[in-house]
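Numbering (full-length UniProt numbering), first residue to last: 1 to 118.
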């Protein structure tokens, strides 16, 4: 495993937890609007016909030839906030995504959004 770079290139690859359990497939990358660095990914989870996009932080993520490994356990990710496959993260839901992982949340300057899909 090596540090994750160019995570947008990994769309469609599997996302695994520290134990190697598959969480789902990488769908999109959300960047921190203050730094333009990858902050969260959405991972396609669920069963056929009932898929959702689940948010998982990318801090400490690493990659191998076939997967992106995140630092968070599959169970914790499974309980994280989700959106529909064609949905968008509402500005008011951003704090809940950070809170789920006990990460500090500071809105951008002048109350702007903190996360942007890239």
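Using N, Cα and C, we set each Cβ at its ideal position, and we do this for glycine too.
Excluding residues up to 5 positions away in sequence, 31 lie with their Cβ nearer than 8 Å to the Cβ of residue 37 in the same chain.
In the three-state reduction of the DSSP assignment, residue 99 falls in the helix class, which pools H, G and I.
Following the DSSP letters along the chain, one finds residue 53 inside the beta strand (DSSP E) bounded by residues 52-57. Counting of Cβ neighbours within 10 angstroms places residue 72 among the buried residues, the total reaching 16 or more. Look at residue 84 here: in three-state DSSP terms it is coil, with no helix or strand label. If you keep only unbroken beta strand (DSSP E) runs of at least 3 residues inside the UniProt domain "PRC-barrel" (6-76), you get 14-16, 22-32, 38-45, 52-57, 62-64 and 67-69. Proximity to residue 87 across 16, 52 and 48 peaks at 52, based on C-alpha coordinates. One thing to note: residue 94 has its Cβ no nearer than 8 Å to the Cβ of residue 76. Between residue 57 and residue 103, the C-beta spacing is below 8 Å. Where residue 113 is concerned, there is no enclosing beta strand (DSSP E), because DSSP gives it neither an H nor an E. Residue pairing for residue 117: DSSP places it in a beta bridge opposite 30. For residue 93, the three-state secondary structure derived from DSSP is helix.
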